[in-house]
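Q: Structure below; questions to follow.
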Amino acid sequence: MKNIILIAAPAAGKGTLSELLVAKYGYVHISTGDLLRNVSKEDTELGRKISNMLKNGELVTDEIVFELLEDRLKKEDTFKGYILDGFPRTLSQALEYEKIINRLHRDLGIVIVLNTEYDTLKKRIIGRRLCSNCGSIYNVLTGENVPKEENTCDKCGGSLYRRSDDNEESFKTRYETYLEKTSPLIEYYKEKGNLFFVNSDNKEAMLKEIEVLLHD
Ligand code: AMP
Numbered sequence: 061m062k063n064i065i066l067i068a069a070p071a072a073g074k075g076t077l078s079e080l081l082v083a084k085y086g087y088v089h090i091s092t093g094d095l096l097r098n099v100s101k102e103d104t105e106l107g108r109k110i111s112n113m114l115k116n117g118e119l120v121t122d123e124i125v126f127e128l129l130e131d132r133l134k135k136e137d138t139f140k141g142y143i144l145d146g147f148p149r150t151l152s153q154a155l156e157y158e159k160i161i162n163r164l165h166r167d168l169g170i171v172i173v174l175n176t177e178y179d180t181l182k183k184r185i186i187g188r189r190l191c192s193n194c195g196s197i198y199n200v201l202t203g204e205n206v207p208k209e210e211n212t213c214d215k216c217g218g219s220l221y222r223r224s225d226d227n228e229e230s231f232k233t234r235y236e237t238y239l240e241k242t243s244p245l246i247e248y249y250k251e252k253g254n255l256f257f258v259n260s261d262n263k264e265a266m267l268k269e270i271e272v273l274l275h276d
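Following the working numbering, the numbering of the sequence shown begins with 61 at its first residue and continues without gaps.
What follows is the structure, given as structure tokens:
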């Protein structure tokens with residue numbers, strides 16, 4: 061399976077797409093946001109530092125992210141193919157990533173950019189709810205994936221929660237950071253020739269387009 065790097069604004073559908081590819085093909089989903097959120101729950105100095113950065117929507121320092129990512133990529137399950145969700149987020153991270161995969165003998169694979177309108181992103185962020193047990197993603201505003209019972213996961217009955225950074229203020233910061241720091245990666249990978257654009261307004265159409273890329 062081809063490794064996949066997802067580049068997209070916050071709530072453009074990276075998590076949803078990853079969920080679909082994990083379920084259908086057995087990809088391993090590596091979200092640096094999830095890795096950081098796990099550490100942020102620890103009652104340590106590092107945990108508190110990360111927790112503050114996440115709440116404010118700021119990027120976490122490279123050294124912390126690189127270490128967490130490299131440790132995760134060393135695990136054997138990632139050999140069969142993985143999706144990188146939320147990394148690289150800057151050009152310096154893209155350069156360091158190439159060093160990491162050289163050390164670990166992994167392929168760069170393909171890079172997919174998910175495109176969605178700003179207003180859709182905002183609705184997705186404000187209405188997003190996650191299952192505290194299985195991680196399933198819902199939305200109470202967009203009409204897509206509305207949980208059948210309020211605050212309860214359809215799949216496992218776990219309780220739903222809202223991410224601490226899923227508010228309007230933090231969304232603005234995260235969106236601006238995306239435009240300023242992450243979107244230059246599009247040019248970078250375009251030059252490498254492994255970049256593809258996919259519209260992520262509709263889940264089924266997005267998956268179909270991506271399956272064509274994966275089977276090419
Ligand atoms: P995400 O789950 O991808 O939306 O990421 C949530 C937050 O985690 C971001 O707003 C950043 O604060 C932090 N984060 C995730 N990935 C990275 C990364 N590659 N570099 C720096 N910070 C990150």
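Glycine included, every Cβ here is placed at the ideal spot set by N, Cα and C.
Tell me which residues share the same chain as T212 and place their Cβ nearer than 6 Å to its Cβ, disregarding the 5 neighbours each side in the sequence.
A: Here the set comprises nothing.
Q: Go through its chain and collect everything with a Cβ distance to K115's Cβ below 8 Å, but skip five positions before and after it.
A: Within the same chain, K115 has close Cβ partners S224, D225, S230.
Q: Would you mind working out which of L267, N175, V206, N199 sits nearest N259, comparing C-alpha positions?
A: Of the candidates L267, N175, V206, N199, the one whose C-alpha sits nearest the C-alpha of N259 is N175.
Q: For the ligand AMP, any of its heavy atoms closer than 8 Å to the Cβ of T237?
A: True, at least one ligand heavy atom lies under 8 Å from that Cβ.
Q: Judging by CA-CA distance, which residue of V88, C194, Y221, K268 is the nearest neighbour of K62?
A: Here the closest residue by C-alpha is V88.
Q: Which same chain residues end up closer than 6 Å to R234 when comparing Cβ atoms and leaving out the 5 residues on each side of it in sequence?
A: So the list reads P70, G117, once near-sequence residues are dropped.
Q: Using DSSP with H/G/I as helix, E/B as strand and the rest coil, what is A68?
A: A68 falls in the strand class under three-state DSSP.
Q: With DSSP as the reference, label F147 as helix, strand or coil.
A: In this structure, F147 counts as coil in the three-state DSSP scheme.
Q: Any idea what DSSP makes of V173, helix, strand or coil?
A: It is a strand residue.
Q: Can we count E228 as close to the ligand AMP, meaning its CB is less than 8 Å from some heavy atom?
A: E228 Cβ: outside cutoff for every heavy atom of the ligand AMP.
Q: Is D225 close to the ligand AMP? I mean its beta-carbon at under 8 Å from any heavy atom of the ligand.
A: D225 Cβ: within cutoff of the ligand AMP.
Q: Can you list, in chain order, the residues of its chain with a C-beta nearer than 6 Å to that of S91? Leave out the 5 residues immediately preceding and following it.
A: Within the same chain, S91 has close Cβ partners D145, G146.
Q: How far does the alpha helix (DSSP H) with S243 in it reach, from first residue to last?
A: No alpha helix (DSSP H) holds S243; DSSP gives it neither H nor E.
Q: Please name the residue or residues paired with F257 in a DSSP beta bridge.
A: In DSSP, F257 forms a bridge with V173.
Q: Taking buried to mean at least 16 other C-beta atoms within 10 Å of its own C-beta, is E264 buried or exposed?
A: Burial call: exposed.
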